[in-house]
Amino acid sequence: MSATDALSALLLAAGSVFCMIGALGLLRMPDFFTRMHAASVTDTLGAGLILLGLMVQAGLTLITVKLIAIGVLIFFTSPAATHALARAALARGVKPLLAGDEVTSSKK
Amino acid sequence: MFVSVGLVCALFVFWILMSGYFTPFLLAAGLGSAIAITWFAHRMEVADREGQPLHLTPQAMSYTPWLLKEIVKAALGVSRIILDPRLPVSPTLARFRPSQQSTVGLVTHANSITLTPGTITVEAQHDEFLVHGLTREGALGTVDSEMDARVHRFEGGA
Amino acid sequence: MLSAAAVALLVTLALALARGLAGPTVFDRLQAGNTIGTAALLLLTLMGFLNGRPDFIDLAIVYAFLNIVGTIAVLRFFRYGDVSDPDRAGRGPR
């Protein structure tokens with residue numbers, strides 16, 4: 024097993040673990056808003072590490088360029104979808120479970 | 006005009022990277038598609054400096070690595086919370102005034118907050134952000150944060 | 212390692228599907244759908260590598276686009292009862 028194979032395997036393993044952690048959080052969290060935080064672990068670190076692992080395996084080819092394109096796409100679209108979901112949920116009257124008072128800025 | 010030429014070039018390069026073929030027909034088809042899409046973008050009035058902030062490229066080069074580092078740190082923190090059997094969450098809302106002036110700056114700030122696991126921008130307006138944090142510390146960390154200052158520098162503010 | 216990652220992604224899919232079925236609100240289901248979309252596109256790229264057919268990556272790119280467009284379209288429908296731009300409805304291009 025060469026060094027690149029080992030590195031790729033390591034990245035893929037780490038990415039898989041984070042994907043599963045995110046999905047586990049999606050099941051375990053108590054309310055909708057906290058679940059969104061868990062899902063963003065899958066979207067950022069899980070997807071990023073798996074794509075990175077595949078890039079190491081593909082080397083300097085057009086495939087790597089396409090993998091980067093997928094990564095950039097997720098990087099820009101996932102927050103937009105998350106924000107739209109959170110906003111719509113709040114507008115529709117889904118009450119977030121809160122542990123304390125609202126935090127506000129000291130200067131204003 | 007400069008924006009349109011830039012958009013055509015960017016789309017054509019994107020086409021070449023996606024296809025990987027260099028036959029005359031496919032290259033011509035790619036150029037035709039790029040020009041057509043630029044024309045559509047004009048009709049939709051989305052081909053402007055704001056939709057294509059090329060002038061921010063140098064700042065993005067220094068901001069993106071910092072953001073990636075923050076994302077990894079935050080994702081590890083959230084993972085630890087998920088795997089903790091006691092599930093120590095303390096969801097909190099934070100309301101504050103972002104220091105950015107331009108729309109690009111505000112969007113970058115809001116997206117950066119959302120992209121960082123543990124914090125989500127729920128409302129993003131010019132004078133007020135509403136952020137939902139998975140923990141109280143996380144929510145507190147977004148108010149008048151380092152990220153705010155960095156994005157302010159990113160958009161060209163002092 | 213590729214197949215192990217594929218299995219892990221299948222587990223991710225199953226967990227997200229369980230959340231999608233459990234609900235309770237429609238937004239939980241949408242979030243689950245979003246996660247399923249991400250896991251599916253990663254699975255598609257992995258399948259491309261497993262079978263030695265890199266063309267699958269192009270499918271994954273299309274899937275990434277569909278994922279975001281689908282989520283936003285459903286949300287717009289919930290918010291406005293329509294998927295068109297509310298400021299422009301019925302006016303057409305200027």
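Protein chains in written order, with the numbering used here: chain A, 24 to 131; chain B, 6 to 163; chain C, 212 to 305.
Heads up, the beta-carbon is just placed ideally off N, CA and C, and yes, glycines get one too.
Everything numeric in this text was worked out from a predicted model, so none of it was measured.
Through-space distance from residue j to residue i, alpha-carbon basis
i: ALA129 of chain B; j: CYS42 of chain A; result: 28 angstroms
i: HIS60 of chain B; j: VAL222 of chain C; result: 43 angstroms
i: ALA275 of chain C; j: HIS114 of chain B; result: 23 angstroms
i: VAL126 of chain A; j: LEU120 of chain B; result: 20 angstroms
i: LYS154 of chain A; j: PRO119 of chain A; result: Only positions 24 to 131 of chain A appear in this structure, which leaves residue 154 of chain A out of reach.
i: VAL95 of chain A; j: LEU111 of chain B; result: 19 angstroms
i: LEU145 of chain B; j: MET52 of chain A; result: 21 angstroms
i: LEU113 of chain A; j: GLY123 of chain B; result: 17 angstroms
i: SER150 of chain B; j: GLY263 of chain C; result: 46 angstroms
i: ARG48 of chain B; j: ARG287 of chain C; result: 22 angstroms
i: LEU31 of chain B; j: GLY69 of chain A; result: 36 angstroms
i: ALA154 of chain B; j: ALA215 of chain C; result: 42 angstroms
i: ARG158 of chain B; j: THR69 of chain B; result: 13 angstroms
i: GLU75 of chain B; j: PRO90 of chain B; result: 25 angstroms
i: LEU180 of chain C; j: LEU83 of chain A; result: Since the displayed chain C opens at 212 and closes at 305, residue 180 of chain C lies outside it and no answer follows.
i: VAL40 of chain A; j: ALA107 of chain A; result: 27 angstroms
i: LEU121 of chain A; j: PRO235 of chain C; result: 18 angstroms
i: VAL237 of chain C; j: VAL280 of chain C; result: 17 angstroms
i: GLU50 of chain B; j: MET6 of chain B; result: 13 angstroms
i: GLN64 of chain B; j: PHE45 of chain B; result: 29 angstroms
i: VAL285 of chain C; j: ALA26 of chain A; result: 45 angstroms
i: TRP71 of chain B; j: PRO265 of chain C; result: 32 angstroms
i: THR100 of chain A; j: LYS78 of chain B; result: 21 angstroms
i: GLY37 of chain B; j: THR28 of chain B; result: 14 angstroms
i: ALA103 of chain A; j: ALA33 of chain B; result: 34 angstroms
i: MET23 of chain B; j: VAL10 of chain B; result: 20 angstroms
i: VAL306 of chain C; j: ILE21 of chain B; result: Absent from the structure is residue 306 of chain C, since the part of chain C shown begins at 212 and ends at 305.
Contact under 8 angstroms by Cβ, residue i with residue j
i: ALA62 of chain A; j: GLY45 of chain A; result: yes
i: LEU220 of chain C; j: ALA243 of chain C; result: no
i: MET66 of chain B; j: SER117 of chain B; result: no
i: ALA81 of chain A; j: HIS137 of chain B; result: no
i: ARG102 of chain B; j: ASP132 of chain B; result: yes
i: LEU241 of chain C; j: LEU213 of chain C; result: no
i: LEU49 of chain A; j: THR246 of chain C; result: yes
i: LEU139 of chain B; j: PRO96 of chain B; result: yes
i: THR62 of chain B; j: LEU12 of chain B; result: no
i: PHE17 of chain B; j: ALA39 of chain B; result: yes
i: ILE87 of chain B; j: PRO93 of chain B; result: no
i: ILE97 of chain A; j: ASP66 of chain A; result: yes
Same chain, Cβ closer than 7 angstroms to residue i, five either side skipped, listed in chain order
i: THR105 of chain A; result: MET59, SER63
i: GLY76 of chain A; result: SER31, LEU34, LEU35, GLY38
i: VAL87 of chain A; result: Here the sequence assigns Thr to residue 87 of chain A, which means Val is not the residue at that position. Result list for THR87 of chain A: MET78, ALA81, in chain order.
i: LEU74 of chain A; result: LEU90, ILE93, GLY94
i: GLY143 of chain B; result: GLY123, THR124
i: LYS130 of chain A; result: For LYS130 of chain A, the predicted structure reports a pLDDT of 49, less than 50, and the residue's modelled location is therefore unreliable. The matter cannot be settled from this model.
Of the listed residues the options, nearest to residue i (C-alpha basis)
i: ALA111 of chain A; options: B:LYS78, B:THR126, B:TYR68, B:ALA46; result: B:THR126
i: GLY161 of chain B; options: B:ASP149, B:LEU145, B:GLN105, B:ALA144; result: B:GLN105
i: ALA250 of chain C; options: C:PRO235, C:GLY259, C:THR236, C:LEU224; result: C:LEU224
i: LEU85 of chain A; options: B:GLY25, B:TRP20, B:PRO93, B:ARG155; result: B:GLY25
i: GLY35 of chain B; options: B:GLU50, B:ALA46, B:CYS14; result: B:CYS14
i: LEU47 of chain A; options: C:PRO265, C:ARG230, C:ALA217, C:PHE289; result: C:ARG230
i: VAL109 of chain B; options: B:VAL156, B:LEU81, B:ALA79; result: B:VAL156
i: ALA80 of chain B; options: A:GLY71, A:THR100, A:PHE56, A:THR27; result: A:GLY71
i: GLY123 of chain A; options: B:ARG141, B:SER107, B:GLY82, B:LEU72; result: B:ARG141
Spatial neighbours of residue i in its chain, beta-carbon cut-off 6 angstroms, leaving aside the 5 residues before and after
i: ASN278 of chain C; result: GLY248
i: ILE268 of chain C; result: THR256, GLY259
i: PRO304 of chain C; result: In this prediction, PRO304 of chain C has a pLDDT of 44, which is less than 50 and means its spatial position is unreliable; what the coordinates show is noted afterwards. Within the same chain, PRO304 of chain C has no close Cβ partners at all.
i: ARG115 of chain A; result: none
i: ALA163 of chain B; result: Confidence is the limiting factor: at ALA163 of chain B the pLDDT is only 47, short of 50, which leaves the residue's position unreliable, though a coordinate-based value still follows. Cβ within range, chain order: n/a, list empty.
i: PHE56 of chain A; result: PRO119
i: VAL148 of chain B; result: ALA99, PHE101
Chain E within 8 angstroms of residue i, Cβ atoms only
i: GLY116 of chain A; result: Although the question refers to chain E, the structure presented lacks it and instead comprises the protein chains A, B and C.
Neighbourhood of residue i by C-beta, 8 angstroms cutoff - its chain only, sequence neighbours within 5 removed
i: ALA233 of chain C; result: ASP239
i: ARG302 of chain C; result: Residue placement at ARG302 of chain C is flagged as unreliable, the pLDDT there being 48, under the threshold of 50; the coordinate-derived value follows with that caveat. So no residue of the chain qualifies.
i: ALA271 of chain C; result: LEU252, LEU253, LEU255, THR256, GLY259
i: VAL218 of chain C; result: none
Complete alpha helix (DSSP H) runs within the region 53-124 of chain A (minimum length 4 residues, chain order): 55-64, 70-81, 85-114
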